[in-house]
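*Asks:*
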Amino acid sequence: MNTTWKDRLLLSALRLSAAISGVIIVLIAGLLVYESLPALRAVGLGFLTDSSWHPAAQAEEGAFNLLPMVAGTLALTLGAMLLAGPLGLLSAIFCQTYAPLWLAGLYRRVIELMAGVPSVVYGLWGLMVLAPIILKWQAPGVSLLAGILILALMVLPTMALLSDAALAKVPLEYKRGAMALGMSRARTLWCVSVPAARSGIITGFILATGRALGETMAVLMVTGNVVQYPSSLFDPIRALTSNIALEMAYAMNDHRSALFVSGLMLTLVVSILIGLAEFITKGRTHA
Amino acid sequence: MKRFKLSALVIISIMSAGLLSACNQSTADTSADNDSSAVTGKLVLAGSSTVAPLAQEIGQRFEQEHPNVRVDVQTGGSSRGISDARSGLADIGMASRALKEDERDLTAHTIALDGICVILHADNPVESLSDDQVRAIYRGQLTNWNEVGGQDAPITVVNKAEGRSTLELFLHYYGMESTEVEASVVIGDNEQGIKTVSTNPASIGYVSIGAAEFAAEDGVSIKLLPMDGVAPTTQNVRNGSFPLSRPLNLITQGDVDGLSRTFIDYAQSSEVNDLITGLYFVPTQ
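As given, the protein sequences belong to chains A and B, one line each in that order. Residues 288 to 574, numbered by the numbering used here, are exactly what the first sequence covers, in order. Residues 397 to 681, numbered by the numbering used here, are exactly what the second sequence covers, in order.
(1) Under 8 Å by Cβ, that's how I've got residue 523(A) and residue 419(A) pegged, so tell me the actual separation to the nearest angstrom.
(2) Is the Cβ of residue 539(A) closer than 8 Å to any Cβ of chain B?
(3) What does residue 351(A) pair with, by DSSP beta-bridge criteria?
(4) Could you check what DSSP says for residue 516(A) in three-state terms: helix, strand or coil?
(5) Using the DSSP secondary-structure output, state which residues sit across from residue 540(B) in a beta bridge.
(6) Look at residue 425(A) and residue 521(A) and say whether their C-beta atoms are less than 8 Å apart.
(7) Which term fits residue 534(A), buried or exposed, when burial requires 16 or more other beta carbons within 10 angstroms of its beta carbon?
(8) Return the chain-ordered list of same chain residues with a C-beta closer than 6 Å to the C-beta of residue 391(A), the five sequence neighbours on each side being excluded.
(9) At what residue ranges does the segment 459-524 of chain A contain a whole run of the alpha helix (DSSP H), taking only runs of 4 or more?
(10) Could you give the DSSP three-state label for residue 627(B): helix, strand or coil?
(11) Assign residue 511(B) to one of three DSSP states: helix, strand, or coil.
(12) Spatial neighbours of residue 466(B) within its chain, please: C-beta separation below 6 Å, excluding the five flanking residues on both sides.
(13) Just to make sure I have the definition right: I need the residues of chain C whose C-beta is within less than 7 Å of the C-beta of residue 428(A). Which are they?
(14) Rounded to whole angstroms, how far is the Cβ of residue 323(A) from the Cβ of residue 557(A), which I believe are closer than 8 Å?
(15) Identify whether residue 517(B) lies in helix, strand or coil by the three-state DSSP scheme.
(16) Between the segment 575-595 of chain B and the segment 533-541 of chain B, do at least 3 Cβ pairs fall closer than 8 Å?
(17) Would you please verify whether the beta carbon of residue 614(B) is less than 8 Å from any beta carbon of chain A?
(18) If you pair each beta-carbon of the segment 588-598 of chain B with each one of the segment 499-511 of chain B, do three or more pairs fall below 8 Å?
(19) For the putative contact between residue 410(A) and residue 505(A), defined by C-beta atoms under 8 Å, what is the C-beta separation to the nearest angstrom?
(20) How would you label residue 480(B), buried or exposed, when you count the other beta carbons within 10 angstroms and need 16 or more for buried?
(21) Checking 8 Å against the spacing of the C-beta atoms, do residue 416(A) and residue 511(A) come in under that value?
(22) Can you pull the chain A neighbours of residue 445(B), defined as C-beta to C-beta under 9 Å?
(23) Regarding residue 567(A) and the ligand GTP, is the C-beta to nearest heavy atom distance less than 7 Å?
(24) To which residues of the same chain is residue 476(A) closer than 8 Å at the C-beta, ignoring the five residues directly before and after it?
(25) Report all residues from its chain with a CB closer than 6 Å to the CB of residue 668(B); omit the five preceding and five following residues, and keep chain order.
(26) Expressed to the nearest angstrom, what Euclidean distance is found between the alpha-carbon atoms of residue 673(B) and residue 500(B)?
(27) Given that a residue counts as buried once 16 or more other Cβ atoms are within 10 Å of its Cβ, and exposed if not, what is residue 619(B)?
(28) Taking residue 359(A) as the query, report the chain B residues whose CB atoms sit under 9 Å from its CB, ordered along the chain.
(29) Give the residues from the segment 397-419 of chain A that approach chain B closer than 7 Å (Cβ to any Cβ), ordered along the chain.
(30) Just by C-beta distance, which residues in the segment 506-521 of chain B are closer than 7 Å to chain A?
(31) If distances are taken between C-alpha atoms only, which option among 606(B), 527(B), 656(B) and 461(B) comes closest to residue 679(B)?
(32) Roughly how many angstroms lie between the CA atoms of residue 400(A) and residue 393(A), to the nearest whole one?
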């Protein structure tokens, strides 16, 4: 009797919290669309067809092509995930299977520490240390490559920790069963543990991808921010996020609105990627 | 378990209550915003996005000293500052330039000066560049330092992001369009510009003189280039001899009294010098 009453109260409290979080997201999306409208009306397809990105307060005077920045964001994310994905998974496997207990514990602490370092610190390090190293190789140093390396470093902890947790949850019976069948350690790992943990590993990958797509400060500091399609790893590029951070402070009228369109574009890119991930892993994530 | 549930419940309800009251509060705030323009003790400033951050900070300190006053700063460019001051939409307009001939009906009160200078890495042997050379470098016509007496190294051109007032002033001085600039790196604030140039020996950039001077004194490896033979110092910006500079003005309709006067006097006093230098502008006295 008493419990049902409390349950109901808890239920409504939970519903309220869920509703609030949901409504906030909807409000943010709504605001993005609302603020984008003036530029969408004035520029329209120009966001895809204009000759370059040279925004102006009056839409007629500027050029607003966002596609080079979409390409920049995608190239950065792809590069970072190509590095961080395998590295994260391998470091999780190392922690779970091969490392002695004390080393695994220490290693986990270090990775957790990595996750806690603010992005502006990574950015500063990238600008002061990494970019000059790349510069010795090829000018101007701040480049797609620097962005990829910094981003990979930043999303590695997400990938590593979530894969680690997923691998830790694989039931011991599975491994014992595999051993009883005479499978080697490596074979047990690749044919039993990793497949059993794939749900968590894929979640880690998606979360890390999301973080890479949305990262702003560090990317802004190390990628050079020139609006162009990257033709090599050493080219400076601009991501959609940096575009907003760079120009928002002084943007007016249609220029300001165009920056909201770049936010909208980013939201679109993220949604498409998450949709794709859902589609690809459909029915397989919750084995 | 039961106790845990209860306390969780309490926490959740407190959190939701907090959220709700926060919502209420913010709506109350905005409604006050809308109808309080008639209330005495409110000052509306509008205009230049260069002056706005400074006006905002001065306004905040002014509010602390006069708790019954509210200072509302809106941005929209120098031209809006002029037109809003003229039409009376704003009590005080903000403009990051001197008044033009046809604007002499208004009064400008200079609160600070802004100057920018070209910077190179400290190891770069080039000691000065003519206006034409700077123009050619930024247009991508001059791409190697050996063409202007430096070492054989491709020039890394550091440009400011679109919309920044430093970019505007720079382009205006050199008579260029932003579409002409062939940049190798685009940066946001002065600090990032200084870091970028100080870590790349073959780069050229431009930043606020205040910021560059501070960094150079601090041992950062950058070099400030003179312009037309005038050394790039805040001193020379203040006495008006440095060419690449401009005044930051508060604009009013003729001479004003009352609250606007008090605010302008305050903004022109040495009490706000730390705010001015904090934003890398140059105080007038």
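By construction, the Cβ of each residue, glycine as well, lies at the ideal position given by its N, Cα and C atoms.
*Replies:* Well, looking at it:
(1) Under the criterion of beta carbons closer than 8 Å, residue 523(A) and residue 419(A) do not qualify as touching, at roughly 15 Å.
(2) It does; some Cβ of chain B falls within 8 Å.
(3) Residue pairing of residue 351(A) in beta bridges, as defined by DSSP: 340(A).
(4) Reduced to three states, the DSSP call for residue 516(A) is coil.
(5) Bridge partners of residue 540(B) according to DSSP: 550(B).
(6) Their beta carbons are under 8 Å apart, which means residue 425(A) touches residue 521(A) by this criterion.
(7) Burial call: buried.
(8) Within the same chain, residue 391(A) has close Cβ partners 382.
(9) Listed in chain order, the alpha helix (DSSP H) runs fully inside the segment 459-524 of chain A are 459-467, 472-475, 485-501 and 504-509, counting runs of at least 4 residues.
(10) When secondary structure is reduced to three states using DSSP, residue 627(B) falls in the coil class, being assigned neither helix nor strand.
(11) Reduced to three states, the DSSP call for residue 511(B) is strand.
(12) Within the same chain, residue 466(B) has close Cβ partners 438.
(13) The structure shown has no chain C; the protein chains it does contain are A and B.
(14) In this structure, residue 323(A) and residue 557(A) do not form a Cβ contact; the two beta carbons are roughly 16 Å apart against a cut-off of 8 Å.
(15) DSSP places residue 517(B) in strand when its eight states are reduced to three.
(16) Counting Cβ pairs under 8 Å, three or more are found: they touch.
(17) False, the Cβ-Cβ gap to chain A never drops below 8 Å.
(18) Contact between the segment 588-598 of chain B and the segment 499-511 of chain B is absent, because fewer than three Cβ pairs lie under 8 Å.
(19) About 4 Å; that satisfies the 8 Å criterion.
(20) Burial of residue 480(B) is indicated by the presence of at least 16 other C-beta atoms within 10 angstroms of its C-beta.
(21) Residue 511(A) is positioned such that its CB atom lies no closer than 8 Å to that of residue 416(A).
(22) Within chain A, the C-beta atoms nearer than 9 Å to that of residue 445(B) come from 536, 537, 538 and 539, in chain order.
(23) This structure lacks the ligand GTP; in fact it carries no ligand of any kind.
(24) When the five nearest sequence neighbours on each side are left out, the beta carbons in the same chain lying within less than 8 Å of the beta carbon of residue 476(A) are those of 380 and 384, in order along the chain.
(25) Excluding five sequence positions before and after residue 668(B), the CB atoms of its chain that fall closer than 6 Å to its own CB belong to 454, given in chain order.
(26) The alpha-carbon atoms of residue 673(B) and residue 500(B) are separated by roughly 29 Å.
(27) Label assigned to residue 619(B): buried.
(28) What residue 359(A) touches in chain B: nothing, since even the nearest Cβ is about 12 Å away.
(29) For chain B, the residues of the segment 397-419 of chain A that bring a beta carbon within less than 7 Å of one of its beta carbons are 414, 415, 418 and 419, in chain order.
(30) Of all residues in the segment 506-521 of chain B, none has a C-beta nearer than 7 Å to a C-beta of chain A.
(31) Distances from the CA of residue 679(B) to each of 606(B), 527(B), 656(B) and 461(B) were compared; the closest alpha carbon is that of 606(B).
(32) One C-alpha to the other measures close to 11 Å.
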